[in-house]
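Asker:
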Ligand SMILES: [Zn+2]
Ligand SMILES: [Zn+2]
Ligand SMILES: [Zn+2]
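In my numbering, the protein residues as written are -15 to 345.
Written out as structure tokens, the structure reads:
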């Protein structure tokens, strides 16, 4: 994620802002350009970009009226929902105000996911709306249907289910502890589950099964049996030397999804570090291991090593800052050499899939 600035008054803006706090301009996110723009009225509910005379007009996404989206659609187009909201299949019942709040938190995380997928070029390279398994989201409350007595977050055949209960911090923390996880967030859920989706699109449908198995192991092992074994026996003792999380050891599909999520964590967080021109030069670091001045674009990194080289010092600094405020580490993970190789596979897979759209851009 990056920082934006108001075209009307130059104030710094953040991704979720709906109005500029200094000049009051209505703001909207233009997904084609991955940028937040200040708007001025153009008749009815239409807007044009502040100071623009290109004749183009926009409307806010239909979900803006619920306060859960600040993205734009073309005013003369047929779509009323923006590219991030179009994939929703089931949303929670809004008659309950608690649900509206929970949905808002879920949408914040989902819109950040779509920002990242767009910046990577994956939304242009992969037909997420059509194909044999279009990408869809079900945001389900416990007990909302006979089949949803206790909703489990997961992916199946292109449909990502998010348990609305996870939007509640206390409940998510309870589940994190029960599962013995160091990290559990809504954005982490989205980045993980979409990893399963892109495994289907890019690995299974993209003819990459063999090369993926060489890195992540053989996914033909029974998924059900593997998960049962994982919940019964836990992860192998030395798992940190080979996997990014204990859960990643349960099955190669989970390893891929966990690794995919970490790739997204890394590129998006590094983009924000770059937006703040974050420079690290700890005086006690005589060997220069933690010295960072990053000028690259993590979404266009040439290889995984150029990202990892920066990520290690940046995440160490962020962990240390969190600890000074009594918070858990921001990034409580270790990137061992085999994990970096898996991240490298993910990087190459995405780079290969999006080469055409990146060249066109
Ligand atoms: Zn402004
Ligand atoms: Zn929207
Ligand atoms: Zn999974």
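Note that the Cβ used here is the ideal one computed from N, Cα and C, for glycine as well.
Runs of 3 residues minimum, wholly inside the segment 102 to 137: which ones carry the beta strand (DSSP E) assignment?
Answerer: For the segment 102 to 137, whole beta strand (DSSP E) runs of length 3 or above, ordered along the chain, are 120 to 124.
Asker: Nearest to residue 254 by alpha carbon, out of 236, 329, 284?
Answerer: Of the candidates 236, 329, 284, the one whose C-alpha sits nearest the C-alpha of residue 254 is 284.
Asker: Nearest-angstrom Cα distance between residue 90 and residue 151?
Answerer: Each residue's Cα considered, the two are about 6 Å apart.
Asker: Can you name the residues that DSSP bridges to residue 10?
Answerer: Answer is 3, 23.
Asker: Thinking just about the alpha-carbon of each residue, which of 141, 206, 200 is nearest to the one in residue 115?
Answerer: Closest option to residue 115, Cα to Cα, is 141.
Asker: So the alpha helix (DSSP H) residue 250 belongs to, where does it begin and stop?
Answerer: First-last of the alpha helix (DSSP H) with residue 250: 236 to 259.
Asker: Using 10 angstroms around the beta-carbon of residue 164, count the other beta-carbons present and answer buried if the total reaches 16, otherwise exposed.
Answerer: Residue 164 should be labelled exposed.
Asker: Taking the CB atoms as reference points, tell me whether residue 330 and residue 247 lie closer together than 7 Å.
Answerer: Against a cut-off of 7 Å, the Cβ pair of residue 247 and residue 330 comes out as a contact.
Asker: Where do the ends of the alpha helix (DSSP H) carrying residue 199 lie?
Answerer: First-last of the alpha helix (DSSP H) with residue 199: 193 to 200.
Asker: May I ask you to report which of helix, strand or coil DSSP gives residue 170?
Answerer: It is helical.
Asker: Any residue with its C-beta under 5 Å from a non-hydrogen atom of ligand 5 counts. Can you list them all in chain order?
Answerer: The model depicted lacks ligand 5 and carries ligand 1, ligand 2 and ligand 3 instead.
Asker: When you compare only the Cα positions, how much space is there between residue 299 and residue 312?
Answerer: Roughly 13 Å separates the two Cα atoms.
Asker: Sort out for me which residues DSSP pairs residue 146 with in a bridge.
Answerer: Paired residues: 123.
Asker: Out of curiosity, what's the CA-to-CA distance linking residue 167 and residue 307?
Answerer: Approximately 15 Å, taken between the alpha carbons.
Asker: Does the segment 81 to 89 come within contact of the segment -6 to 3, defined as at least 3 CB pairs closer than 8 Å?
Answerer: Counting Cβ pairs under 8 Å, fewer than three are found: no touch.
Asker: Using CA coordinates, which residue listed in 95, 289, 219, 208 is at the minimum distance from residue 178?
Answerer: Comparing Cα-Cα distances from residue 178 to each of 95, 289, 219, 208, the minimum goes to 95.
Asker: Nearer than 6 Å: is that true of the beta carbon of residue 3 relative to any heavy atom of ligand 1?
Answerer: No; taking the cut-off as 6 Å, the Cβ of residue 3 has no heavy atom of ligand 1 nearer than that.
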